[in-house]
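The next block holds one structure in the form of structure tokens; read it before the comments.
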Amino acid sequence: MRDVRRRTLLSAIGGTAVVGGALNPGIAEAAPAAPAGAPAAPDRGTPHEGKVRELLDRMTVEEKLGQLQQLAWSWDTGPGGGETKDVEDAARSGRLGSVLSIFGAKSSNALQRIAVEESRLGIPLLFGLDVIHGFWTTFPIPLAQAASFDPDVTRTDAEVSAKEARSNGVHWTFSPMMDVTHEPRWGRIAEGCGEDPYLTAEFAAAKVEGYQGPGKHGYAAKDRLAACAKHFVAYGGAEGGRDYNTVDVSESRLRNLYLPPFKAALDAGAATVMASFNTIGGVPAHGNSHTLTGILKKEWGFDGVVVSDWTGVQELIAHGFAEDGAAAAKLSLNAGVDMEMVSTNLREHGKKLLRDGKISERRLDDAVARILRLKFALGLFDDPYADEDGAIDGPTAAARKAARETAARSMVLLKNEGGALPLKTSVKSIAVVGPFGDSDDLLGTWVVPAAAKKYPSVKVLGAVKRAAPGAKVTYARGVDPEGKDTAGIPAAVAAAKAADVTVVVVGEPPSMSGEAAARSDISLPGAQERLVEAIAKTGKPFVVVLVNGRPLTMGGWLKSAPAVLEAWHPGVEAGNAIADVLFGKVDPGGKLPVSFPRTVGQIPVHYNHESTGRPYDADNKYSSKYLDLPPDPQFPFGHGLSYTTFEIGAPKLSRDTVSAGALRKGDTLEVSVTVSNTGRRKGDEVVQLYVHDLAASITQPVRKLRGFRRVTLGAGRSTVVRFRVGAEDLGFWTNDTHGEFLVEEGKFDLYVGNSSTAKGKRTLTVT
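Counting in the numbering used here, the sequence shown runs from 312 upward without gaps.
See below:
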């Protein structure tokens, strides 16, 4: 029997205070005495608090409920167009707080004037839009950005996106999405940062800072947006990878896996949070007082706005959690939702619920005050209109340059046998084959429709021609993206035979990833595998470029491919960025933010799994394994090659022991390692630190990422990379719903290397 070690309780970790009193996540049948999320008294230190209270005193119940309402705009339809009459009427009557999917300085100003100049109180509207990885300038999808292992990549995306969107009348973006997931079948993996909470947290914070600017209310600037941390919470755990599906999760997994990125986003100043579609332990997120109020508003002290997802309040009925719209309104508001997106239950039933004591005036005022504070912080009461002459109408040269650089920085070299890559610009002939070789649809999921129409992605074919101007470049499509017709394969084979080298561009169309795009089979769609196999049989040199929004299973063709470059959906500069890496203008330095499974039957397969009592043993049938598969993924988390070679030395610790008490008081130790470029060219390496608690009162992951640094080194150069390790890195959250974080005595293995399979190790003892 394992010795039970003394447990050290941290009363606060990373700014997260432990609170007393378990919160019932179930149905609140009557308005509580201390309503969900309501402060005990107005925070007079909050900017604009006096103005907020003055407005609240003047508002009718109908106007207050109106502030809680967000309605959707019709794309490309201006005021007076008929389809938007309901929105305009609600704005005119002061019964509307926000509109989503409207943009364009002229259109947004026209609607804003109705609210400001024709409603009784003149409260400006808040305009939101899904600016996920670009506005006019489409950057690589978020999953690709995470592959850069460089938070400045996502910060750059957010800064450019905010400037473009704000100039077009947008105030608020429904981003970043920080749903950690172990489920590659889930289409929305494309919108997140993969399977690791630490990596996701770093990128979440950087994107919030990029959108909102410096300081708590930096988004008042005319080139910034209010960010929205979504989806709260555990959406990435959807069963079967099916969107909107059930999540059954323990409190410890909720707090250790799903919540850390949200805490990081809020610490970075995220102005808003969006509730998720899923249930959490049987309670829908939109009605879950434990998560929305107990953790978010009370434990973390979040003073911003919680917005529902699209019709999320209404969907409490379909969940079987609410009997009707009135019950859905009551449950969501009392649980902590402040604004209802698209469905209108709060606006329709709120007055009667208030009269019947099902919701309280205090809770209603709290929700309204949060929304008004956001509008004040955005500067909308001072200047509600966009500068129509200053609206940015397309990607600038600087924005395109940033998109190209970030896309190339996000690519991952999965395989490179015999130095197949980089290609030489002096090559005499090149064949480009595959359904995406001459495609301008490589922007990825969640692109602003007008941007996709006006600014499609740069084609790979054209970029290859520009990169190798002296080469004869031919193209053959071979197969359609999803079709089974193989009639075009002979032409592709002929092109490959006639060329010195072939670039095969295959993958998923953007429509196959993102929301409502779950796949049960995540191999190359249609007949694309047959195309790769046919090219391989020619015996001529070739390389494969993957363009996709999720991890793919690769089947038998992987063995025959000398080189495979994971390019993801790279955005508006797709072709140029791919060519930059193919021809060695950019050395690939990205790493996988998610494991690539061998087959779908292996899912879930992720590096940060927990051990079992019978861990994998190749020589023991009665261990945790499949009879027909190795235990590891095809490519592990953190994997990625370079055109040069690196050596990472043995890690060193500044000390081998540290007391739990000292850690609790903020003490840290240093892990250092020397990394050297042992190759002949300049390149990038990502040094990664992993921690394993050898024995704990709750079983811990076999490894968890706790640090990474992307470094650039010239040939023959070395540097020392240093990491600080403290309580947050060595402790864990328990199943206590009050929020209990422990650092326990015992031994910890610290691994440093260039992937989650790192071999370099030192052992730390916590006393």
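For every residue, glycine included, the Cβ atom is placed at its ideal position computed from N, Cα and C.
{"Item": "Buried versus exposed call for G901 [16 or more other C-beta atoms within 10 Å across all chains shown]", "Value": "buried"}
{"Item": "Identified DSSP bridge partners for E921", "Value": "P1012"}
{"Item": "P908 versus F946 - alpha carbon distance", "Value": "7 Å"}
{"Item": "Cβ contact (3+ pairs, closer than 8 Å) linking the segment 877-897 and the segment 759-778", "Value": "yes"}
{"Item": "The segment 426-442 / the segment 453-468 touching (three or more Cβ pairs under 8 Å)", "Value": "no"}
{"Item": "Residue burial classification, A1026 (beta-carbon count within 10 angstroms, cutoff 16)", "Value": "exposed"}
{"Item": "Enclosing beta strand (DSSP E) for I741 [first to last residue]", "Value": "S740 to V744"}
{"Item": "Coarse secondary structure for G377, derived from DSSP in three states", "Value": "helix"}
{"Item": "E562 versus S654: straight-line alpha-carbon distance, rounded", "Value": "30 Å"}
{"Item": "Status (buried if at least 16 other CB within 10 Å, exposed otherwise) for L685", "Value": "buried"}
{"Item": "Test item: CB-CB of D1004 and F957 under 8 Å", "Value": "no"}
{"Item": "Nearest to K417 (by Cα), restricted to the options R477, D397, R369 and V738", "Value": "R477"}
{"Item": "Contact belief for P944 with S934 at Cβ below 8 Å, rounded distance in angstroms", "Value": "Not really, about 18 Å apart at Cβ, beyond 8 Å."}
{"Item": "Span separating the alpha-carbon of G661 from that of G529", "Value": "33 Å"}
{"Item": "C-alpha gap between A810 and G745, whole angstroms", "Value": "15 Å"}
{"Item": "Boundaries of the beta strand (DSSP E) in which L1079 is found, first to last residue", "Value": "A question about residue 1079 goes unanswered here, because the residues of the chain that appear run from 312 up to 1078."}
{"Item": "Within 8 Å, strictly: CB atoms of G949 and S822", "Value": "no"}
{"Item": "Per-residue burial, T371 [other beta carbons within 10 Å of its own, 16 or more giving buried]", "Value": "exposed"}
{"Item": "For R355, three-class secondary structure by DSSP", "Value": "With a pLDDT of 40 at R355, under the threshold of 50, the modelled position of this residue cannot be trusted, and the question is left open."}
{"Item": "Straight-line gap, A455 to A517 (C-alpha atoms, nearest Å)", "Value": "15 Å"}
{"Item": "Nearest candidate by alpha-carbon position, reference T1045, set N567, V723 and V916", "Value": "N567"}
{"Item": "Delimiting residues of the beta strand (DSSP E) encompassing H542", "Value": "C539 to F543"}
{"Item": "Cβ-Cβ distance between A838 and D796 below 8 Å", "Value": "yes"}
{"Item": "Residue(s) in a DSSP beta bridge with P801", "Value": "Partner(s): none; P801 has no beta bridge."}
{"Item": "Distance between A457 and V854 (C-alpha atoms, nearest Å)", "Value": "24 Å"}
{"Item": "First through last residue of the beta strand (DSSP E) which encompasses G1057", "Value": "G1057 to G1064"}
{"Item": "Residue closest to P733, alpha-carbon to alpha-carbon, out of F450, V363 and G994", "Value": "G994"}
{"Item": "Beta-carbon contacts of A778 that lie in its chain and below 7 Å, excluding the five residues immediately before and after", "Value": "T736, A890 and F894"}
{"Item": "Identity of the residue in G636, V982, A719 and V738 nearest V856 by Cα", "Value": "A719"}
{"Item": "In DSSP terms, what E996 is bridged to", "Value": "V1022"}
{"Item": "Distance cut-off 7 Å: P820 Cβ against heavy atoms of the ligand COA", "Value": "The model depicted lacks the ligand COA and carries no ligand whatsoever."}
{"Item": "S322, buried or exposed, once every other Cβ within 10 Å from all chains shown has been counted against 16", "Value": "Any answer about S322 is weak, because its pLDDT of 34 lies below 50 and its placement is not dependable; what the coordinates show is given next. Exposed: under 16 other Cβ atoms inside 10 Å."}
{"Item": "Three-way DSSP call (helix, strand, coil) for L536 in this model", "Value": "coil"}
{"Item": "Straight-line gap, G526 to G580 (C-alpha atoms, nearest Å)", "Value": "8 Å"}
{"Item": "For E1056 and V315, the rounded distance between their alpha carbons", "Value": "Residue placement at V315 cannot be trusted, given a pLDDT of 33 that sits under 50; what the coordinates show is reported in the next sentence. Between V315 and E1056, the C-alpha separation is close to 10 Å."}
{"Item": "Whole-angstrom distance between R715 and A807, CA atom to CA atom", "Value": "28 Å"}
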